[in-house]
Structure formats: C-alpha cells, structure tokens
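This report concerns only the one structure given below.
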Amino acid sequence: MNHSGKHILFIGILLFCFMLFSLLLMSDSLQNSERFGDYYSGLLLFNAVGLFSLVILIALNIRSLLRQLKQRIAGARMTVRMVSMFVLLSVTPVLILYYFSLDFLHRGIDSWFDLRVEQALQDSLELSRLALDTRMKELLRQTEKTAEELADISNSAMAFEIDGYRIRSGAEEFTLMTRQGSIIAASTSDATSLVPESPDETVLFQLQQGSSYIGVDLIQNTNLSIRVVVNIPANDFNRAERIVQVIFPVTERVNELTNSVQTAFIDYQELSYLREQLKISFIVVLTLVLLFSIFSAVWAAFYSAQRLAEPIRDLAEGTQSVAEGDYKKRLPVHSNDELGVLVASFNTMTSAIGAARDAAKASHEQAEAQHKYLEAILSRLSSGVWVLDDAKNIRTANIRSGRILGIAIDEIIGHSLAEVGTHHPYLKSLLQTFSGRIDQGISDWREQSTLIGSCGRQILISTGTSLTVTKEQAAVYVIVFDDVTALVQSQRDAAWTEMARRLAHEIKNPLTPIKLSADRLRDKYLTTLPADQARMLDRLTTTIINQVDTMREMVDSFSEYAHTPTRRPQPLDINSLIREILDLYRNLDPEAHIELALTDELPAIKADAGRLRQVFNNLIRNAFDASAIRAQKQLAIATDNKQVAGVDSIEIRIKDAGCGLDEAIIGSLFDPYVTTKSDGTGLGLPIVKKIIEEHGGAVWLENNTDGKGACAIIRLPVLADVAMARLA
Amino acid sequence: MNAVKHMALLLLILLMAPASAEDIQVAYAHASRVADAWYLDARIDFAFHDDVTAALNAGVDLSIDIQILIKEQRTWLWDKVIKESLIKFKLVHQPLANLYIVTHVSNHQRVQFDDLQLALRYLGTINHHRLLNAAMIDPAKDYISHISVRLNMEDLPPALKPVAYLSNRWRLNSQDYIWHFQSP
Numbered sequence: 013m014n015h016s017g018k019h020i021l022f023i024g025i026l027l028f029c030f031m032l033f034s035l036l037l038m039s040d041s042l043q044n045s046e047r048f049g050d051y052y053s054g055l056l057l058f059n060a061v062g063l064f065s066l067v068i069l070i071a072l073n074i075r076s077l078l079r080q081l082k083q084r085i086a087g088a089r090m091t092v093r094m095v096s097m098f099v100l101l102s103v104t105p106v107l108i109l110y111y112f113s114l115d116f117l118h119r120g121i122d123s124w125f126d127l128r129v130e131q132a133l134q135d136s137l138e139l140s141r142l143a144l145d146t147r148m149k150e151l152l153r154q155t156e157k158t159a160e161e162l163a164d165i166s167n168s169a170m171a172f173e174i175d176g177y178r179i180r181s182g183a184e185e186f187t188l189m190t191r192q193g194s195i196i197a198a199s200t201s202d203a204t205s206l207v208p209e210s211p212d213e214t215v216l217f218q219l220q221q222g223s224s225y226i227g228v229d230l231i232q233n234t235n236l237s238i239r240v241v242v243n244i245p246a247n248d249f250n251r252a253e254r255i256v257q258v259i260f261p262v263t264e265r266v267n268e269l270t271n272s273v274q275t276a277f278i279d280y281q282e283l284s285y286l287r288e289q290l291k292i293s294f295i296v297v298l299t300l301v302l303l304f305s306i307f308s309a310v311w312a313a314f315y316s317a318q319r320l321a322e323p324i325r326d327l328a329e330g331t332q333s334v335a336e337g338d339y340k341k342r343l344p345v346h347s348n349d350e351l352g353v354l355v356a357s358f359n360t361m362t363s364a365i366g367a368a369r370d371a372a373k374a375s376h377e378q379a380e381a382q383h384k385y386l387e388a389i390l391s392r393l394s395s396g397v398w399v400l401d402d403a404k405n406i407r408t409a410n411i412r413s414g415r416i417l418g419i420a421i422d423e424i425i426g427h428s429l430a431e432v433g434t435h436h437p438y439l440k441s442l443l444q445t446f447s448g449r450i451d452q453g454i455s456d457w458r459e460q461s462t463l464i465g466s467c468g469r470q471i472l473i474s475t476g477t478s479l480t481v482t483k484e485q486a487a488v489y490v491i492v493f494d495d496v497t498a499l500v501q502s503q504r505d506a507a508w509t510e511m512a513r514r515l516a517h518e519i520k521n522p523l524t525p526i527k528l529s530a531d532r533l534r535d536k537y538l539t540t541l542p543a544d545q546a547r548m549l550d551r552l553t554t555t556i557i558n559q560v561d562t563m564r565e566m567v568d569s570f571s572e573y574a575h576t577p578t579r580r581p582q583p584l585d586i587n588s589l590i591r592e593i594l595d596l597y598r599n600l601d602p603e604a605h606i607e608l609a610l611t612d613e614l615p616a617i618k619a620d621a622g623r624l625r626q627v628f629n630n631l632i633r634n635a636f637d638a639s640a641i642r643a644q645k646q647l648a649i650a651t652d653n654k655q656v657a658g659v660d661s662i663e664i665r666i667k668d669a670g671c672g673l674d675e676a677i678i679g680s681l682f683d684p685y686v687t688t689k690s691d692g693t694g695l696g697l698p699i700v701k702k703i704i705e706e707h708g709g710a711v712w713l714e715n716n717t718d719g720k721g722a723c724a725i726i727r728l729p730v731l732a733d734v735a736m737a738r739l740a
Numbered sequence: 199m200n201a202v203k204h205m206a207l208l209l210l211i212l213l214m215a216p217a218s219a220e221d222i223q224v225a226y227a228h229a230s231r232v233a234d235a236w237y238l239d240a241r242i243d244f245a246f247h248d249d250v251t252a253a254l255n256a257g258v259d260l261s262i263d264i265q266i267l268i269k270e271q272r273t274w275l276w277d278k279v280i281k282e283s284l285i286k287f288k289l290v291h292q293p294l295a296n297l298y299i300v301t302h303v304s305n306h307q308r309v310q311f312d313d314l315q316l317a318l319r320y321l322g323t324i325n326h327h328r329l330l331n332a333a334m335i336d337p338a339k340d341y342i343s344h345i346s347v348r349l350n351m352e353d354l355p356p357a358l359k360p361v362a363y364l365s366n367r368w369r370l371n372s373q374d375y376i377w378h379f380q381s382p
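One line per chain: the protein sequences are A and B, in this order. Numbered per my numbering, the first sequence finishes at 740, counting up by one with no gaps. Numbered per my numbering, the second sequence finishes at 382, counting up by one with no gaps.
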C-alpha cells in the first residue's frame, strides 16, 4: 500500500471512529443526558458534515472508477462487480434492520405512554391540589380570624405583639402592612430574611376590592409555602386600611409528595409532548446511523475492491509491459496472501523471461554476426550460392548468384524455385535441374547446364548438397554454381589452337613438298612419256595437286576455325549489315529474288561487325547454294525483335527455297566436318556457331513449314554492357 | 414506512410554516445616565406561537436571552464593542399551582405569575438595568446600542432541537433594535 492509500485509510478510519463516537453521544443525549445534551446540535452538525465527507469520498471513488472504466483500465470492471456485491451484501441487511428498527422504535416509544398512567398522574396532581386547597382554606379561615383580632391592635402595639401572633399561628412570616403594600410590622422565623416579601400588585388590587388572597408560593425557596393575605377589618381605633400577610410552611412530607407528583407529572407531560419529536429525533439518529453504515460500507467496499483489484491491475499492467517487451518491470508486492504470491511469481517469471530474452538476444546477435560474416564471405565468393529449405524456398542467396543469373536476389529470397522460374522463365531449365536433384534425394550432385538468358549463353557448373542441422530441423540444400562460360570457351579455343598447330605441323607442312614433288614429276615426265602415259601422269599429278590444294584449303579453313581473333564489339545496326551483304549477292546474281522483311526498330547491339559479316556471308551463301536447284534463286531474310526467356533478343531468319535438310542430320550440322555439300569442308556452320556463341547468341536450323527449303535462325541477345565486356 | 411518512409530513409542515417575524419585538429601548452609571429601560413584546405555549405548558422550559451591545462608532474602522451584556431569563410552568415562574438566571431571582401574559409582560419589562459605568462613555464620541431578544434553542430538550431549528414557529428572534447613545 502506498503512502496516499495509507493516509486515505487512516482518514477513513478516523472519520469512522469520530462519527461512531458522535452517534453514540447523540444517542446518549437523546436519553436526556445533561452531559451531552448541550452538544446535540454540534453532534448533529458533525455527523452531517461527516456524512457529507463520506459522500464526497464515495463520489470521488465513483468518478475515479468511471474514468477507469472509460479508459478501459484493467481491474475496473472487477472493481465495479466487487463494489456492487459488497454494497448489496452490506446494504440489504442494514435496510432490513432499519425497517424493523423503525417499527420497534415507534412501538417502543408509543408503549411508554399509557392513558391510564396519564390519568393516574392527572389524578395524583389533582389530589395534591385538593389536599393543598383544604389546607389553604383552613389557613384562610385562621388568618381571617387573626385579622379580626388584629383590628383592635394599634400599629404601634403591633410591633410588640406580632411575634406572638406568628408563633401562635405557626407561620413562617407574619407581616402587617397597608393596602398599598407599605410594611407596618413584620415577623419571620428566618433570621436571614431582613425584608419580608411583599405581595404583588395583583394581590394588592384583589385586597383593595375586598377579597382575600390565598395561594401557593414558590418564591422563597424550593419548598412550597402558602401565602394568605387578608384585609384587617376597620374599627374605631384603627381606621387605616390594613392588611395582614401570613406565609405558612407546608410540612416536609407534603412537600416531598407534592414535589414527587409534580416532577413525575411534568416529566411525563414533557415526554408525552415530545413524543413525536422524540420519535423524529430517534429516526434522525437511526437514519444517520443507517446512512453512516451504508456510506461507510460503500466506501469500505470501494477501498476493499480497489485494494483487491490493485494487484490484478498491477498484473495487467505488468503483462502489458511484458507484451511490449519490457521485462524489467517489477510489480510491488502488497501482501503475503495468494495475490501477493501471484505477484511475486510474476516478478520471478518476468526476471526469468528477461534473462532468457537477454540470452536469446545475445545469441541472436551472435548468430547475426555469424550471418553477416558468412554473408561477407559469400558475397566475395566467385560462385553463386543458394540455400534452400525443405520446401525448396530460397532462404539465402549471395550477391554473386544474382550477378551470374542476371537477377536481383531480393526478388528471389523467400520464394520457391517454381516461383522464381515463373518470374524468370529463362531460368526454368536450370531451376528444374535443381528441383529434380533435390527431389531425387541425392545428397551430393554436380551438373553442367547451359543457360540462355539476359547474359546470353552461359555454361554453369552446379553442385548441390543437403545439410541436416538438427534432428528436429528439416534439411536444407546448398547449391553452388559457377559460370564457366569463359573457362569452357578458353578451353575450347586452346584445344582448337592446339589442333590447328598440330594440323599445321602434321598435315599442312608435308603438303608443300607433296605438291612440289607432283609438279616436278609432271614437269619431268609429262613430255618424256608416251602420250597415253603422259595423259595418265597428267591426270594423276593434277589430281594430286588439286587434292593437296583442297587439303591446304581445308587446313586453312580449320586454322581459321581454330583461330580466335580479338573481338571488337561496337554498336551495330544488324539491318544495315544485312543490306550491305545482300548488295554484294545481288550484284553476283541479279536474277535472284531476295525478299527482305527487316524490322525498323531493332535495338542496337554491340557486336563485332567483321565476325558477324562472316556469319551472314556463310549463311547467305549456303542459302544461295541450296536455292540453286531452282531456276530462280529465292531467299527470304527477316529480322525481328524478340523477347525470349525474358531477354531482349534480335532474331534473324535466313530462309532458302531449296530441298530442305535431312531431319537425321539437322542437329549435327554445326559439328565440324559435317556437311551436305559435295565440296563443303564441313567447317562453315561450326564457324558460324562459334561466332554466334562468341556473341552470346544461338543459331540453329529448321526446315520450313511449307516444305520448301530450310531456315537458319540466329538469335542475338541485346546484352548488357557488363555481359558484353565479359564476353569480349 | 410510517416513520418515513411521519418525517416527510413533519418536514413539509415545518418548511411550509409561516414565518413569525412578530413573535418577539423590541418596542423601545432607552439608556439614561443616573449619577455615574448608565441604565437601560426597555419594553419587549412577546407573542409566542401556540406550539411554543403548548410546549411550555407541557413542561418544556424556555430560555430567553436579551443581548445588549454598546458600540463606539468609528469612521474608518469597524465599530468597537465596548460593552456586551446578556440577560438570561428562564420561563417555566408549575402545573401543581398552575404558575408561570420567571427566573433571572444571573441572580436566581424568581417571580411567579398566575397568568402567562403577566409573566411575559414581566419578562419584557426592563427597568433601570445598569448597563455600564459612565466613565466608559466618552462624550466626544458617538455610541450606538443594539438590543436583541431570542429564544435560546440550545437550552431546549434535545429531542425538540431538530424541530426547533427547522421550524419558523420556534425561531423566536427579535430584530436588532438600535438607538444612539446620547449624553445628557
């Protein structure tokens, strides 16, 4: 409990005690207690103020609770329920008690009063009056008789006689005075009384009217006295009008009885008069007690409910903090009960979670560092690396892999191989290879693939392996691939160079002495031999010389095939190049019909114009040769802009009107020494293929769909500068 | 439910009861200097409501307070009270002799009357009541005197106090009677 809570509790208990004490005093004061009667109004006011304070406290609590409900603070609804329950449980019996108390109060107060008792008291009082009246009448007669005796006594003689009269009459005080109230002579039994009590004006007036006066006197002391005042008859000696006042005491017993009767009567009468007021006062006190009880119960209900809800609210706030990631929050433990144990357990739990979180964070940071370290290594690898999960989703891909495949790695991470293949169709064959190997369950594999994509024709060497980190964790697959295009190309170049060197050494070098020898034989024996032998010699030497020339040409062609000149790629307009080459062929055969369908908006590509000129020369010459079977040679050359496998390419189609190609050899025509022409070296198309591949493109042959002739198709990718540089 | 009805009815009656501004009225008051002292002569008219009379006859003692204030009038400051007197009387009814007894609380002097009106007339007559020494009055200054009379409700029985506080019939207060103190 915090300090303000303790203060509120202290103030509440103090207020409760004060109000309870004041209510007890009020109740006591209603019993006619002289001690507290004077404070009744103050107590009433104090209780009203106390109740008002309680009302304010409750109102503040209600306002606070409503605010908590509006703000959806945890524990507010529970507080409402608990307060409602407490109030219901406490107020209901108090109200029932109040109802019956009121009933008992009415019945109890009414039972105090009884008509018979009242009548008896009235009768007692009347009896007392009658007893006094009888005595008073006797004393009046006695005094009147004494007054007649006094008529004969002069005023001066009275001073000597008056004590005797007082003693004989048994009076307390005996006074002779004029009718105007002037004292002539007086005698009293009370030595302390210096001046006798004079009758008031009404008594004197009554005597002046000739009547005597007799009455009960309460003036002298608390005991009753009987005052008798009578006129003294006038005679010859005393003309002056005189009166005598005699005060007789009442016996002590009579005094006691009359006092008792009178006190009882007054008390009863007052009580009877105040009956309704008394009821109201008791009802007021009872109502104050009721309100005090209810308000105290309500306030206590609020206090208790809030105290009960406090740890739950703390727990809710703590849970919220934990949900927000704050594991350092510690809840105050207010008590040692179950809720206190729960809060302490929560603190322990958050401490443990906090420690675990810190450990996890440290571990995560370590893993992150390792990941970054690995990434740094991977990014600097010359190979592309992919890590796939069991569902063939790419979890990791290094930068190099994106560069090799010409894709952004951010677009593929988290996607499956199938999804990547959908977005990058030119990778489909490669990805299907990966997928197939994974599906086959081969733990380690190696594969060479050819890829024609944005980077042109690429040869990739891929190796894959599956890794199982833990028993629970699914297997992951690591695929490493390298772009060996340049390597293969250089190996091929080296092989052909070596072959050319060997041909030059082994074949080309003996050709010259062979040819020279044949020439010498021809020159020496052609004229010396008989004609028939000379013709034979001429035919044979000519054959030798021609074959040697043929072999020399073949070796030259082969040498040319093997030779890899330095490429000089530069922006090139394919259409212009084709038109330029066709102009040459039109001059050679003006009758030939060449149909051109060149697309104007071809993108410029970077290529070696000389090498491509060689390609188009070979293919167009082949087309002319194939069309030679017809009277008029017919060619159709078309260029087009194609999007193939997501890569912008230029497609060139060179169509002839020949007899077409045998489907059995159409796939191997680009291999060296394969030709359909009788005089062909079988190296033209391989050189074409070599040059096109040098430009990252592809070339193939197919028969025309109309059954007339074949078509050579070249597809040159519009390569990026980087790829072009690599190819160069 | 009876209690609630009683309380509601009583409160209604009490709140709707007419005001009794004329229950106690100071008819006149005058101070005069005799020798070295100032003396008060005043007449107060009492007209109790029947409820008050009935309570008196039923044995409820009534306390009457007569308060007298003598103030020195000052121009720039509040008036200064130089003398405050309180004359307290107690009026009771004796059912045995059917007498009304007025007791002067300060000296316990008791005066009895057969009739309530006589008792009230006695209560309301102030003759030659010594107020203060003449030396306390500076002839160069102005003085005013207040006299007010009220029924002291705190002396009523506790059960009657709530009703008395709430009811106009029991709120017996005279208005302040103010007169200038004049040197002869």
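All C-beta atoms in this analysis are idealised placements derived from N, C-alpha and C, irrespective of residue type, glycine included.
Sequence-distant residues of its chain with Cβ nearer than 7 Å to residue i (five each side left out)
i      : result
A/F28  : S308
A/V700 : V627, N630, L631, V711
B/L316 : none
A/G366 : Y339, K340
A/I471 : Q460, T462, V496, T497, V500
A/L393 : N410, R412
Counted within 10 angstroms of its Cβ, other Cβ atoms place residue i as buried (16 or more) or exposed
i      : result
B/S365 : buried
A/E705 : buried
A/S474 : buried
A/G670 : buried
A/E663 : buried
A/W124 : exposed
A/N73  : buried
A/S166 : exposed
B/A295 : buried
Same chain, Cβ closer than 6 Å to residue i, neighbours up to 5 away in sequence not counted
i      : result
B/Y375 : V224, A227, I345
B/M214 : Here B/M214 scores only 49 on pLDDT, less than 50, and its place in the model should not be relied on; the value that follows carries that caveat. Cβ within range, chain order: n/a, list empty.
A/Q220 : R191
A/I526 : V560
A/R178 : F186, S199
A/R458 : T475
B/E270 : K278, I280, K339, Y341
Extent of the continuous alpha helix (DSSP H) to which residue i belongs
i      : result
A/Y285 : 264-285
A/Y225 : Premise fails: A/Y225 lies in the beta strand (DSSP E), 225-229, not in any alpha helix (DSSP H).
A/I586 : 586-600
Residue i - containing beta strand (DSSP E), residue span
i      : result
B/A240 : 235-244
A/I406 : 406-409
A/N243 : 237-244
Neighbourhood of residue i by C-beta distance below 8 Å, restricted to the same chain and skipping five residues each side
i      : result
A/S140 : L269, T270, V273, Q274
Q: Taking only runs that begin and end inside the region 53-82 of chain A, name each unbroken beta strand (DSSP E) of 3 or more residues, in chain order.
A: none
Q: Let me know the alpha helix (DSSP H) ranges lying completely inside the region 256-307 of chain B, each 4 residues or longer, listed in chain order.
A: none
Q) For the region 116-203 of chain A, which segments carrying the beta strand (DSSP E) assignment without a break, of at least 3 residues, lie completely within its bounds, in sequence order? A) 185-190, 195-200
Q. When Cβ atoms are compared, which residues of the region 127-159 of chain A fall closer than 9 Å to chain B?
A. L137, S140, R141, L144
Q: Scan the region 304-316 of chain B for residues whose Cβ lies nearer than 8 Å to a Cβ of chain A and list them as they occur along the chain.
A: R308, V309, Q310, D312, L316
Q.
If the cut-off is 9 Å on Cβ atoms, which residues from the region 252-286 of chain A count as contacting chain B, listed in chain order?
A. T270, N271, V273, Q274, F277, I278, D279, Y280, Q281, E282, L283, S284, Y285, L286
Q.
For a minimum of 3 consecutive residues, which ranges assigned as the beta strand (DSSP E) are wholly contained in the region 305-375 of chain A?
A. none
Q: Can you check the region 682-709 of chain A for any beta strand (DSSP E) of at least 3 residues that lies completely inside it and give the ranges in chain order?
A: none
**Q.** Entirely enclosed beta strand (DSSP E) segments - the region 306-364 of chain B, minimum 3 residues
**A.** 307-311, 323-331, 341-349
Q. Just by C-beta distance, which residues in the region 332-343 of chain B are closer than 7 Å to chain A?
A. none
Q: Scan the region 268-302 of chain B for residues whose Cβ lies nearer than 7 Å to a Cβ of chain A and list them as they occur along the chain.
A: Q292, P293, L294, A295, L297, I299
Q: Ignoring anything shorter than 4 residues or poking outside the region 513-581 of chain A, list the alpha helix (DSSP H) runs there in chain order.
A: 521-537, 543-574
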